[in-house]
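Note that the sequence shown ends on residue 1077 in my numbering; no numbers are left out.
The structure appears right after this line, and notes come after that.
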Amino acid sequence: MIVSLLIEVSHSDNSGIGVLDRAVQDLTDTGILSLLNKAEESAMFSYNELQYSFSDIKELVDSYFRQHTDLCLVSYRVVPYDLGAVLFGTTSDTSDETEPVEEKEEVCSPEEDDETEDEELREEEESDEPQEERAEPQQDEKIEDTVDAGANCGEDEIARQISSLNMLLYSETGTETTETVQSAQDHSVAKPQERGSGNSVPVDKLPEVQAKIQALVGGNAFKDLTQEIITIAPQIIQKKSQGVLTARTYLFSINDGYGLTSYLGIFSELISALHIFGDKRTGPVYEAVARYDRNGNLDAGELEGMNIPKDSYCVCCLDISEVMNDVNSPAFREMLVRLHSDSANRFLFFRIPYVGKEIQEDIRRAIRDVMTVTVLAIPPFSQEEIRAWASHEFSSRNFTLTDEAWEFFLRRITEEKNDGRFYGVNTVTKVIDEFIYQKLLSNARSRTNDTEIGRADAEILCHSAGEEKVTGYDLLDRLVGGARIKERVVDIVSQIVYARKQESIKTPCIHMKFVGNPGTGKTTVARIIGQILKEKGVLRVGGFYECSGRDLCGRYIGETAPKTAGICRDAYGSVLFIDEAYSLFRGDGNDRDYGREALDTLIAEMENHRSDLVVIMAGYTDEMEIMMKGNAGLASRIPYTIEFPNFTREELYQIFLSILGDKIAYDEDLLPAVFKYIQEIPTDVLEAKEFSNARFIRNLFERTIAKAGTRCQLDNDAPLCLTAADFNQALCDAEFRFDKMAKTRTIGF
């Protein structure tokens, strides 16, 4: 909270020559007090109450005047930040007409009686006289708002002084002293109307808006902007230079779901709370998208030709993401000129996705040709910021999470990110709602009213829950065909652990390459390796992040690098699994290919975080080999390779049995039918690059379940039980017929 201090100074011989100038210079040199304004007999300073308590400021001022005995501190008062100019006017108008109040004691020497002052302060605090009666001044005398030097003034006392000063101000300006004033407990103060006005008094909302700003997770660029506007607001108001402020524009570089609408709303509230436009009404926040119309002209939507009433102002935001590659075109410049001509009483923001600094600067330069523009870059949330924001949301709904529940919550967020479609706080809010709903459902079933979400509640919502109940090596042993892979994994982990223990050896890269056909277990093994490396102390988190190669690429020039870096940042301390990684490499030397930009960024992350990130690239053997040969920097940072051969017929049959498990009923004729089918799969099909191995078997099992389910529904909802007939029905579908498989050929392979 920014508050102000009104200091009245005189000279010990009452000459007053140069006294205030000297005191102002000395006090502002401390860096704690900032001069807001100076009248003939007093000066207005501001300080941040959140950083410096009022008692600290009093001690600073008192110490200064004790050291300069030729100066005299008459009084000082805490007043609202935005009432400085008004209060000065009041002081100037009444100073010549008003006799000094006897209760004001001058502080002219260090020999003053501190005990007497303390006794007087205690008597004042213990008084039972109602506040309204004490604060009812006569026209010819001032309120007792002087703070005795050396007194310990707390928050309630500050609020009392502010309230008293308000009432003094109303009586002197002709306004009824019974006008409603907001509770001093909030440190809020009513803003006076024009002199002699009988209108109601609006309430200052600045502390409330500042609290909202401080509560924002991330958004440092926006916070800096709001602080700058708070600092300059008194000068804007005093010089009536509102047009200088509205002439400035701002470029938000922020992804979908990271609070753009909230930022715009808070900005509008801040302008209103600072009373920069006086009594003008706050209009709604307008958001529009820049697009080309049918004639090829660039249109700013409803922001074009806006007619803003003279008694109001508004905040507008134009999303230029779809045209950000055309910012140097004549059409874009013409649109800027049109928008600039309608800038009166309007704050204009532009929006693009979160892109690299070079692209931000290119767009800023294009806008700067017509308007002054400031870039506000809002990076995506880190894991720590997601937890901080979610913690606040849970708390606001009166729920808490245990440490184990938080682990599952963050794992659930990871699952949301793995499909490449993550929408910031919108997605996090969705997960929060899921957790609270599950907790309420658990309470209803157990007839309890618990508000602490624990492991049992959170585990249900996490798809990957339960894997940590056994060791990573045990999970590897359970895999069909895992014996061949386990030997290689054990060898790699042993090398990594040994190298980490050797202080004389530079921390080695621990990135890997998985090669093989689809469905051979690459994703499953990568997830298990993350758990093993965590158990061995190599990784601090051991999480698993999955994406495809093209998921690293952005939609616009300049979006790829920050997007790739953001995905890597999420995976610090964990495994980043990139399937079909070869799709990033085209080998055609095209500098505008986003895949090449993603690879360059990925290589830098792999090197800079070689001890805290495991990148596992997976894909077909031949294509991965071509990518490695075409990028020496990438190949040198991936020392480990694991080959995943196709499953044999016997292994495919074991996979079907493992999926079937012991929880689904089946007739005795089912398994012979399955065995016979798998044994008859042609060799050329098993060895084909397109054959999906375990994925093929899982699809076959799920299709058999579907056929059985349909049959049971037609049979008066009979209990589910798989039969050979259900299996044979599934084989009728084209993807499971050998004759269709043999004719299938993928273009380009």
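We put the beta carbon where it would ideally sit given N, CA and C, even for glycine.
Every value quoted in this text rests on a predicted model; they were computed, and no experiment measured them.
Beta-carbon to beta-carbon, Arg977 and Gly847 are separated by about 14 Å, too far to satisfy the 8 Å threshold. Distance from the CA atom of Phe913 to the CA atom of Ser770, rounded to whole angstroms, is 49 Å. Where Pro612 is concerned, the enclosing beta strand (DSSP E) starts and stops at Arg609 to Val617.
In this chain, the beta strand (DSSP E) harbouring Asn365 covers Ser362 to Lys366.
Following the DSSP letters along the chain, one finds Glu662 inside the alpha helix (DSSP H) bounded by residues Pro658 to Ser669. Per the coordinates, the alpha-carbon of Asn959 lies some 42 Å from the alpha-carbon of Ile760.
In this structure, the beta-carbon distance from Gly810 to Pro973 does not fall below 8 Å. Looking at the DSSP output, Thr702 sits in a beta bridge with Tyr578. For Leu646, the enclosing beta strand (DSSP E) begins and ends at Ser640 to Asp647. Non-local beta-carbon contacts of Asp654 in its own chain, meaning distances under 7 Å to residues more than five positions away in sequence, involve Phe660 in chain order. Using a Cβ-Cβ distance cut-off of 8 Å, the stretch 631-650 and the stretch 673-682 are in contact, since at least three pairs of beta carbons, one from each stretch, lie closer than that value. The C-alpha of Ala628 is placed about 10 Å away from the C-alpha of Asp621. In the structure shown, Leu904 falls within a strand segment according to DSSP collapsed to helix, strand and coil.
Ile857 sits away from Val818, with the two beta carbons spaced by 8 Å or more. Secondary structure at Glu831: coil, using DSSP grouped into helix, strand and coil.
Of Ile970, Tyr392, Asn365 and Ser370, the smallest CA-CA separation from Thr358 is found for Tyr392.
Distance from the CA atom of Gln555 to the CA atom of Glu1030, rounded to whole angstroms, is 59 Å.
With fewer than 16 neighbouring CB atoms inside 10 Å of its own CB, Ala543 falls in the exposed class.
Excluding the 5 residues flanking it on each side, Ala893 has same chain C-beta neighbours closer than 7 Å at Thr929 and Glu933, in chain order.
With respect to Ala705, Ser581 sits close: the two C-beta atoms are nearer than 8 Å. Here the alpha carbon of Gly624 sits roughly 36 Å from the alpha carbon of Ser876. In the DSSP assignment, Ile781 is bridged to Leu729. Between Leu334 and Ser383 the beta-carbon gap is near 17 Å, outside 8 Å, which marks them as no contact. Considering only Trp734, Phe605 and Arg576, the residue with the shortest C-alpha distance to Leu667 is Arg576. When the Cα atoms are used, Gln563 and Ala718 turn out to be separated by approximately 39 Å. When the five nearest sequence neighbours on each side are left out, the beta carbons in the same chain lying within less than 6 Å of the beta carbon of Thr730 are those of Gly782, in order along the chain.
Following the DSSP letters along the chain, one finds Arg674 in no alpha helix (DSSP H) but inside the beta strand (DSSP E) bounded by residues Arg674 to Ile680. Leu768 has its alpha-carbon roughly 32 Å from the corresponding atom of Glu536. DSSP places Lys841 inside the beta strand (DSSP E), whose first and last residues are Met840 to Gly844. Assignment of beta-bridge partners to Ala371 by DSSP yields Ile335 and Lys366.
Taking all protein chains shown into account, Glu662 has fewer than 16 neighbouring C-beta atoms within 10 Å of its C-beta and is therefore exposed. Cys1060 is bridged by DSSP to nothing; it lacks a bridge partner.
Distances from the alpha-carbon of Glu908 to those of Cys896, Tyr900, Leu880 and Arg394 put Leu880 closest.
DSSP places Gly947 within a strand segment (E or B) once states are collapsed to three. With respect to the 8 Å criterion, Ile944 and Met840 are classified as neighbours on the basis of their beta carbons. When DSSP states are grouped into helix, strand and coil, Glu1015 belongs to the coil group.
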